[in-house]
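Student: Take a look at the following structure, please.
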Amino acid sequence: MSEQDIQQSSRSQRLRAVGGSVVGTALEWYDFFLYGTAAALVFNQLFFPSVDPLTGTLLAFGSFAVGFIARPVGAVVFGNYGDRIGRKKVLVITLIIMGIATVLIGLVPTYETLGIFAPILLTVLRFAQGFGLGGEWGGAVLMSLEHGDPKRRGLSASWPQIGVPLGLLLANGVLAVMTAITTDEQFMAWGWRVPFLLSILLVGIGMWIRLHVTESPEFEKVATSGIRVKLPIVEVLRTQRRELLISTGARIGTDVAFYIYVLFIVTYLTQMVSMDQSIALLAVLVSAAAMLLFIPAFGALSDRVGRRPVYLAGAVGALVWVFAFFPLLDTQNVPLILLADFIGMLCWAAMYGPLAAFTTELFPAQVRYSGASLGYQLAGILGGAFAPIIAVALYGRFQSWVAIAIYVSAMLLITIISVAVARESAGKNPTTPTSAIMEDRP
Numbered sequence: 025m026s027e028q029d030i031q032q033s034s035r036s037q038r039l040r041a042v043g044g045s046v047v048g049t050a051l052e053w054y055d056f057f058l059y060g061t062a063a064a065l066v067f068n069q070l071f072f073p074s075v076d077p078l079t080g081t082l083l084a085f086g087s088f089a090v091g092f093i094a095r096p097v098g099a100v101v102f103g104n105y106g107d108r109i110g111r112k113k114v115l116v117i118t119l120i121i122m123g124i125a126t127v128l129i130g131l132v133p134t135y136e137t138l139g140i141f142a143p144i145l146l147t148v149l150r151f152a153q154g155f156g157l158g159g160e161w162g163g164a165v166l167m168s169l170e171h172g173d174p175k176r177r178g179l180s181a182s183w184p185q186i187g188v189p190l191g192l193l194l195a196n197g198v199l200a201v202m203t204a205i206t207t208d209e210q211f212m213a214w215g216w217r218v219p220f221l222l223s224i225l226l227v228g229i230g231m232w233i234r235l236h237v238t239e240s241p242e243f244e245k246v247a248t249s250g251i252r253v254k255l256p257i258v259e260v261l262r263t264q265r266r267e268l269l270i271s272t273g274a275r276i277g278t279d280v281a282f283y284i285y286v287l288f289i290v291t292y293l294t295q296m297v298s299m300d301q302s303i304a305l306l307a308v309l310v311s312a313a314a315m316l317l318f319i320p321a322f323g324a325l326s327d328r329v330g331r332r333p334v335y336l337a338g339a340v341g342a343l344v345w346v347f348a349f350f351p352l353l354d355t356q357n358v359p360l361i362l363l364a365d366f367i368g369m370l371c372w373a374a375m376y377g378p379l380a381a382f383t384t385e386l387f388p389a390q391v392r393y394s395g396a397s398l399g400y401q402l403a404g405i406l407g408g409a410f411a412p413i414i415a416v417a418l419y420g421r422f423q424s425w426v427a428i429a430i431y432v433s434a435m436l437l438i439t440i441i442s443v444a445v446a447r448e449s450a451g452k453n454p455t456t457p458t459s460a461i462m463e464d465r466p
């Protein structure tokens with residue numbers, strides 16, 4: 025094979041790796057966000073009908089949080105196998121788990137039919153969703169990053185990140201179509217189930233793409249070198265504690281801000297401001313579509329100026345903007361509502377674009393899947409899992425958005441401190457600290 029053929033093959037595999045990561049991650053997040061949006065719109069009535077609407081929403085978001093609790097479990101399990109047997113095999117498994125759980129959610133009888141077993145079954149399937157997603161993010165990011173140009177890791181790792189707004193766009197888009205073509209009674213009876221059932225088609229597409237992607241080159245180097253970490257997660261906890269704390273703290277505020285902008289906004293506009301849910305869905309859809317462009321743009325920018333400056337600019341911007349976000353929603357003016365969510369999501373994209381490269385570059389290749397996944401998913405529990413619940417509870421207690429804004433800004437402050445104390449990793453390829461990592465030699 026000529027050098028030109030080798031380069032062409034390498035480019036082809038790089039594109040497949042990026043495409044597989046983007047599509048697969050988008051499908052995973054479609055499943056995940058579908059549940060979150062449904063929790064805000066219908067689950068409070070269908071699965072928790074014996075309480076008042078605000079409490080029902082709180083309980084529905086509680087079942088939503090269960091998915092976050094399952095994610096670190098999935099990160100530990102799949103991170104271990106991802107570092108031991110390869111990224112590709114694990115990504116196929118996580119896609120299957122998420123797809124099956126989502127389809128079954130679309131088939132769960134409501135409280136009226138099963139009574140208390142309905143919300144229990146819903147919560148169990150939500151746990152399965154979170155378990156699969158716990159191993160998804162790390163593998164998708166690593167496949168794209170480790171196949172990519174070492175000098176453009178910020179851009180390479182940011183491509184799977186657009187799976188978040190793309191999945192969000194798909195989930196809210198399908199829900200918006202269903203609400204448009206059905207009456208309120210029809211949507212509550214069966215319309216909300218259709219997006220969950222459609223997941224089976226999306227999983228089939230994702231499986232086909234992922235099965236045609238080659239394994240990560242960096243993992244293959246580790247595998248052929250004869251050097252393997254016996255228990256990757258143990259080594260992370262033993263030798264990479266500082267890096268784990270930084271990766272967790274860096275995402276906490278990012279996650280809280282995101283779920284306020286894409287989930288709590290639906291509850292706030294429909295229940296607190298008394299606007300139609302279509303306005304909230306429109307704001308989320310417009311912002312998500314724009315982030316498809318801004319996330320890779322901020323990832324690429326981090327290759328030029330560094331991860332930390334871009335990340336910090338987004339975090340500081342989000343901290344300031346949250347105090348303008350709610351007053352703009354209170355105006356009930358649609359253009360101002362769209363502006364409020366767009367600027368908030370723009371600040372989030374400035375954090376989320378470089379986040380993947382920032383997090384994965386903290387860890388050496390032998391434990392990168394485990395370390396990056398665990399830090400990312402722990403932040404999900406401390407941040408996004410309870411953000412909608414805390415926001416609803418704070419509003420119920422104080423009847424004001426100010427307490428919510430203070431909570432969000434406090435979480436963003438944790439992110440600012442974490443990123444500020446981290447080392448700059450742009451342009452550097454982390455190596456294995458030979459004195460720290462145990463090796464499994466043949």
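Note that this note's numbering numbers the sequence shown so that position 411 is 435, with each residue one more than the last.
Don't be surprised by glycine CBs; every beta carbon is placed ideally from N, CA and C.
Distance, Cα to Cα, Arg234 vs Lys112?
Tutor: Taking the straight line from one Cα to the other gives about 7 Å.
Student: Measure the CB-CB distance between Gly330 and Ala374 and report whether it falls below 8 Å.
Tutor: Not a contact, by the Cβ cut-off of 8 Å.
Student: Going by DSSP, what residue range makes up the alpha helix (DSSP H) through Asn357?
Tutor: Looking at the DSSP string, Asn357 is not in any alpha helix (DSSP H), and its letter there is neither H nor E.
Student: What residue range is occupied by the uninterrupted alpha helix (DSSP H) comprising Gln301?
Tutor: Note, Gln301: alpha helix (DSSP H), 301-329.
Student: Once DSSP output is grouped into helix, strand and coil, what is the label at Thr207?
Tutor: In this structure, Thr207 counts as coil in the three-state DSSP scheme.
Student: Cutting at 8 Å between CB atoms, please list the residues of its own chain near Ile303, excluding the five before and the five after it.
Tutor: Taken in chain order, the residues that qualify are Leu293, Val358, Ile361.
Student: Tell me the residue span of the alpha helix (DSSP H) that contains Glu160.
Tutor: Looking at the DSSP string, the run of the alpha helix (DSSP H) that includes Glu160 is 141-171.
Student: Just reading off the alpha helix (DSSP H) that Lys113 is part of, what are its end residues?
Tutor: Segment 111-129, the alpha helix (DSSP H) holding Lys113.
Student: Among the residues of its own chain, which have a CB less than 6 Å from the CB of Met315, if the five just before and after it don't count?
Tutor: Excluding sequence neighbours, Met315 sits near Pro189, Met369, Ala373.
Student: Just confirm the distance between the C-beta atoms of Thr126 and Ser223, as a whole number of angstroms; I'd bet it's less than 8 Å.
Tutor: Yes, Thr126 and Ser223 are in contact; Cβ-Cβ is about 4 Å, under 8 Å.
Student: Between the segment 306-325 and the segment 433-450, are three or more C-beta pairs nearer than 8 Å?
Tutor: No, because fewer than three Cβ pairs between the segment 306-325 and the segment 433-450 fall closer than 8 Å, the two stretches do not touch.
Student: Out of Leu418, Gln295, Leu287, which has the shortest C-alpha to C-alpha gap to Ala307?
Tutor: Measuring from the Cα of Ala307, the nearest candidate turns out to be Leu287.
Student: Would you identify the three-state DSSP class for Lys245, choosing helix, strand or coil?
Tutor: The answer is helix: DSSP assigns Lys245 an H, G or I state.
Student: Please check the pair Pro378 and Val334, which I expect to be a contact at CB under 8 Å, by giving their CB distance rounded to whole angstroms.
Tutor: That belief holds up - the Cβ atoms of Pro378 and Val334 are roughly 5 Å apart, short of 8 Å.
Student: Inspect the beta-carbon positions of Trp216 and Met231 and report whether they are closer than 8 Å.
Tutor: Cβ distance not < 8 Å, so Trp216 and Met231 don't count as in contact.
Student: With distance defined between alpha-carbon atoms, name the residue in Glu209, Glu239, Leu199, Leu226 nearest to Val218.
Tutor: Nearest C-alpha to Val218: Leu199.
Student: When you compare the CB positions of Phe102 and Gly43, do they come within less than 8 Å of one another, or not?
Tutor: The answer is no: Cβ separation not under 8 Å.
Student: Assign Glu170 to one of two classes, buried (16 or more other C-beta atoms within 10 Å of its C-beta) or exposed (fewer than that).
Tutor: It is buried - the Cβ of Glu170 has at least 16 other Cβ atoms within 10 Å.
Student: Does the segment 267-287 touch the segment 145-156, meaning 3 or more C-beta pairs lie closer than 8 Å?
Tutor: Taking 8 Å as the limit for Cβ pairs, the verdict is that the segment 267-287 does not touch the segment 145-156.
Student: According to DSSP, is Ile430 helix, strand or coil?
Tutor: In the structure shown, Ile430 sits in a helix (DSSP, three-state: H, G or I).
Student: Secondary structure at Trp425, three-state DSSP: helix, strand or coil?
Tutor: It is coil, neither helix nor strand.
Student: Should Leu386 and Glu267 be called a contact, given that it needs their Cβ atoms to be closer than 8 Å?
Tutor: The answer is yes: Cβ separation under 8 Å.
Student: Taking DSSP as the reference, what is the three-state secondary structure of Ala134?
Tutor: The amino acid at residue 134 is misidentified as Ala; the sequence shows Thr. Thr134: coil per DSSP, three-state reduction.
Student: Which value, in whole angstroms, describes the spacing of the CA atoms of Phe382 and Ala450?
Tutor: In a straight line, the C-alpha of Phe382 is about 8 Å away from that of Ala450.
Student: Measuring CA to CA, which of Ile124, Val97, Gln390, Tyr400 is closest to Thr263?
Tutor: Comparing Cα positions, the closest option is Gln390.
Student: Verify whether the separation of the beta carbon atoms of Ala193 and Leu51 is less than 8 Å.
Tutor: Note on residue identity: the sequence assigns Leu, not Ala, to residue 193. Cβ distance not < 8 Å, so Leu193 and Leu51 don't count as in contact.
Student: Can you have a look at Phe141 and say buried or exposed, based on whether 16 or more other CB atoms are within 10 angstroms of its CB?
Tutor: Phe141 should be labelled exposed.
Student: Measure the alpha-carbon distance for Gly395 versus Arg40 and round it to whole angstroms.
Tutor: In a straight line, the C-alpha of Gly395 is about 25 Å away from that of Arg40.
Student: So Phe347 and Ala429 are supposed to be a Cβ contact under 8 Å. How far apart are they, rounded?
Tutor: Contact holds; Cβ gap of about 5 Å.
Student: According to DSSP, is Ser45 helix, strand or coil?
Tutor: Here Ser45 sits in helix by DSSP.
Student: What number of angstroms, rounded off, separates the C-alpha of Arg95 from the C-alpha of Gly154?
Tutor: Cα to Cα, the separation comes out at about 5 Å.
Student: Under a three-way DSSP split, which group does Leu225 fall into?
Tutor: In the structure shown, Leu225 sits in a helix (DSSP, three-state: H, G or I).
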